[in-house]
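Comments concern the structure below.
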Amino acid sequence: MVHRRTFLLGATAFGALAPWAGIARPIASPSYAMVPGLSRPIEIIDDRWGVPHIRAATRADAFFGQGYVVARDRLFQIDFAHRREMGRMAEVFGAGFAEHDAAARLFHYRGDLDAELARIPRDVLDCVRGYVAGINARIAEVEADPALLPLEYRILGVAPLRWELRDLVLARGGSVGNADAEVRRARLAAMGLLDLDRLVAPLRPAIAMAVPEGLDPAQVSAADLGVLRLGPLPFGRETPTQDPDEVVGAANAGSNAWTVAGSRTATGRPILANDPHLGIGGFGPRHVVHLTAPSLDVIGGGAPGLAGIMQGHTDRFAFGRTNFHIDQEDLFVLELDPQDPERYRHDGGWKRFARHEIAIAVKDGPPHQAVLRYAVQGPVIAHDPARARATVLASVGMQPGGSGAFSMVAINLSRDWASLREAFKLHPAPTNFHYADVRGHHGRQVIGFWPQRKRGNGLLPVPGDGRYDWTGMRDFRALPSDYDPPAGWFASANQNNLPPGWPAERSPAFSFRDSARYDRIAQVLSTQTRHSIADSVALQHDTLSLLAQRFQAMLPGQPTPQAAPAATMLKRWDARIDGASAAAALYEIVLRDLNKRMIAALVPERARGLIDAIEPPELLRVAADRPDLIDASLAAGWADAVKLLGSDPAAWRWDALHRARIAHPLARIPAIAAAFPPIEVGGSGGDSFTVMARWLGTGPDWRVGGGASYLEVIDVGDWDRSVMLNLPGQSNDPRSPHQRDQVAPWSAGAMQPMPFSRAAVDAAAATTTRLQPAGSPR
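Each residue of the sequence shown is one higher than the one before, counting from 8 in the working numbering.
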């Protein structure tokens, strides 16, 4: 556990004296480079934490700088993802990748790309064009000097792809979304067990589920997910790959964010805190950068490969985000014409698929031929003429305006709440957007595109005959907003935060998370009238589990002799999931055992392939009626703890089991593993239901699978007092001092400075690079 006293004692690191104040640090002698794509020279000052601060004469050139530095620090990460989305893996890795390429191209936008680009305001478009040019400028550098290439390229024998602006509106990315949940519910319904779905994913808000009219749930199977079931990239029998985002299960995706009004802070200025919860174990999901140009001054964490900053602050306002969970995918089941499987039933007749025949280049082999089909609702992910059946995945991302490639830049260019509301029109992803500005205002706006359905609620697959089609999209103007809330603070932690009285049947989402994290945040913020940066940092690392307190209330008063040691330890526990806690380790072990027992008690054998784990809050609800199973799990959990941690309970620690390890996503390739040694982050406290979210990974072990790898706390108006962490560091290159320099601070909860003013940046400068337009005089 990171105690609050630690933060208060360390407050001088970000309190009255910023750590760079008064330090006369000479800026390192600058290096120079001539690059294509710039209109004017730019300066890149890398501070001692590896954060680049880009000074440009135009906003487009500032975003050029962002593209350049993210390619400098994360080229293979962004290039690998880009190559996957463009469906160009087989051309460098061989025929085994061709089906994956076809699936990627299935989710390329088939509408008018020029019309999509015409939707984007000119200033935003110019900045994203600059970002793409910056990436390509760095690629040109490494092509000219192969010594600059990241190590992966030499090991794999490939070269990076050049980027094009049109690619950003073409590739929309296909993912399972909640389609697998729809299939699961249909299969449970076919067994007469639809009510059991609550064990896996209780609906929030709760509504009654029913099989849509016209759907035969007995015909629904995992095969209906089609190309979404292709699995990992086939680098070899022993070398499957996994992207960081793929390890984020639906039960874990989330974030924390809060804003506190100046009336409730120690300084009289608002505070904004945010820690997005993403996968931990592969490439870092955030890259921090500072962009400065006329009418632009913004710093924070961006998603590598996406122009702009997702969480951070400008010189006018701070901003953060959490997931709002709008249901943005639906699975449609089509009836094929038995006489012509290229036709499907729709609106009382037969409609022909739009077909695209493509040839995919294959290394050392002939092109792979594939047919991509599209129905009215979207891409056809499974086509089975033998069963006269096909399935379609409708998604917001494939709709006109569904590309989010321009949304962050639009937000970064905004100057106030009014201009932000214009930027929100370009933001399709479902988000609680948090805001606090220098005038003292704060609040949140739910943003994202909300599909409007003729019928149904998106919870089960639906017939694709026209009765359940989407009729359009609604945007943020139909979604909740809170501006200067009377409580003086506002928080979101993926809980259901629809306004009181919002009709459940009109909810844009039913997959909100249990409120345990939010409730703990609310406990703390509601009692602090002089909230500080240190208080926000302490809250981000808070390990008190309200879920554990619920379980403590269920412990037997008279346990059996076998369960008594566990019951006694847990009753005396403070319910904090601290790394050094023996009781926390025991609690997690007991809960896992109880989960297995409740599945055996409640789920028929035929459904256990669909329900292999019960959501922990739901587990406690159903276990309340089974004290016998609680007692048995206490006894079994104690025995398991002895096996896992030793015979001396005083030596047990949760962080001996719950450990974080970061490895290259291709680390099962021996040469990659040798060049990129794993980063052993070490043991950690927390779990899925503590504010310091450090959830369990997939599989039988107890490793950290994800949580808050990027954290920020923003002092609105006195920007240099803001702090951040970014695990494991800014660079992916093992030769860089910034590949893992954030590991120890992250493990200790020791936030790092976030210099913003010109004086603070200059004082913290480590190196300076000056880029000039190609052909200009030096």
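Glycine is no exception: its CB is placed at the ideal position from the N, C-alpha and C atoms.
As a quick exercise: from the options, pick the residue whose alpha carbon is nearest that of residue i.
i: methionine 699; options: Asp423, Phe683 and Asp549; result: Asp549
i: glycine 103; options: Thr272, Leu232, Pro241 and Pro458; result: Pro241
i: leucine 298; options: Gly312, His284 and Ile316; result: Ile316
i: phenylalanine 483; options: Asp444, Asp521 and Arg428; result: Arg428
i: proline 373; options: Arg380, Leu466 and Ile365; result: Ile365
i: alanine 395; options: Glu342, Ala382 and Asn501; result: Glu342
i: phenylalanine 456; options: Ala571, Tyr138 and Phe331; result: Phe331
i: arginine 179; options: Pro407, Ala670 and Ser729; result: Pro407
i: leucine 790; options: Ile618, Phe71 and Asp282; result: The question about residue 790 has no answer here: the residues shown for the chain are numbered 8 through 785.
i: threonine 774; options: Ser764, Gln226 and Pro744; result: Pro744
i: alanine 64; options: Ala78, Ile49 and Phe71; result: Ile49
i: leucine 433; options: Val176, Arg728 and Met731; result: Val176
i: arginine 599; options: Asp619, Arg613 and Met758; result: Asp619
i: proline 386; options: Arg660, Gln746, Ile686 and Leu113; result: Leu113
CB-CB under 6 Å to residue i, same chain, minus the five flanking residues each way: which ones, in chain order?
i: glycine 409; result: Val403 and Pro435
i: arginine 701; result: Ser691, Gly693, Val711 and Gly714
i: proline 59; result: Ile51, Asp53, Val76 and Val296
i: phenylalanine 431; result: Ile454 and Phe483
i: tyrosine 39; result: Arg777
i: leucine 553; result: Ala523, Asp526 and Arg527
i: alanine 443; result: Thr266, Pro277, Leu279, Ala325, His449 and Val723
i: proline 515; result: Ile333 and Trp457
Kindly list the residues whose CB is nearer than 7 Å to the CB of residue i, restricted to its own chain and excluding five residues on each side of it in sequence; keep chain order.
i: alanine 786; result: Nothing can be reported for residue 786, as the shown portion of the chain is limited to 8 through 785.
i: serine 421; result: Leu427 and Ala430
i: alanine 631; result: Met561
i: lysine 461; result: Arg474, Tyr475, Asp476 and Thr478
i: proline 566; result: Ala574, Asp638 and Leu641
i: isoleucine 162; result: Ala678, Ile679 and Ala682
With 16 as the cutoff for other CB atoms within 10 Å, does residue i come out buried or exposed?
i: arginine 181; result: Residue identity check: residue 181 is glycine in the sequence provided, not arginine. When all chains shown are included, glycine 181 counts as buried.
i: aspartate 54; result: buried
i: glutamine 737; result: buried
i: glutamate 719; result: buried
i: methionine 96; result: buried
i: tyrosine 490; result: exposed
i: methionine 561; result: exposed
i: proline 677; result: exposed
i: alanine 361; result: exposed
i: glutamate 150; result: exposed
i: aspartate 152; result: exposed
i: glycine 57; result: buried
i: phenylalanine 14; result: Confidence in phenylalanine 14 is poor, its pLDDT being 24 and thus under 50, which makes the residue's placement too unreliable to answer from.
i: alanine 494; result: exposed
Should residue i and residue j be called a contact, given that it needs their Cβ atoms to be closer than 8 Å?
i: proline 224; j: alanine 196; result: yes
i: isoleucine 388; j: leucine 232; result: yes
i: alanine 69; j: leucine 303; result: yes
i: methionine 405; j: tyrosine 116; result: yes
i: aspartate 521; j: proline 624; result: yes
i: alanine 328; j: tryptophan 496; result: The residue you asked about is not alanine; residue 328 is arginine in the sequence shown. No. Outside cutoff.
i: alanine 368; j: glutamate 98; result: yes
i: asparagine 419; j: threonine 266; result: no
i: leucine 627; j: arginine 557; result: yes
i: valine 723; j: valine 445; result: yes
i: alanine 529; j: leucine 551; result: no
i: histidine 294; j: aspartate 80; result: yes
i: histidine 538; j: isoleucine 278; result: yes
i: aspartate 334; j: phenylalanine 517; result: yes
i: arginine 211; j: phenylalanine 519; result: yes
i: arginine 66; j: alanine 300; result: yes
i: glutamine 384; j: phenylalanine 440; result: no
Tell me the DSSP bridge mates of residue i?
i: aspartate 371; result: For aspartate 371, which the question treats as bridged, DSSP gives no partner whatsoever.
i: isoleucine 606; result: The partner list for isoleucine 606 (beta bridge, DSSP) is empty, contrary to what the question assumes.
i: tyrosine 525; result: DSSP lists no partner for tyrosine 525.
i: arginine 211; result: Ser518
i: phenylalanine 326; result: Gly319 and Tyr442
i: glutamate 50; result: Arg62 and Arg777
i: methionine 41; result: Gln779
i: tryptophan 702; result: Gly713
Within its chain, find whatever has a CB closer than 8 Å to the CB of residue i; leave out the 5 residues flanking it on each side and keep chain order.
i: alanine 788; result: Nothing can be reported for residue 788: it is not among the residues displayed for the chain, which extend from 8 to 785.
i: proline 684; result: Pro741
i: glutamine 779; result: Tyr39, Ala40, Met41, Val42, Leu45, Pro48 and Arg785
Kindly examine the ligand SAH and report whether one of its heavy atoms sits closer than 7 Å to the Cβ of residue i.
i: proline 239; result: For the ligand SAH, the structure offers nothing, since it holds no ligand at all.
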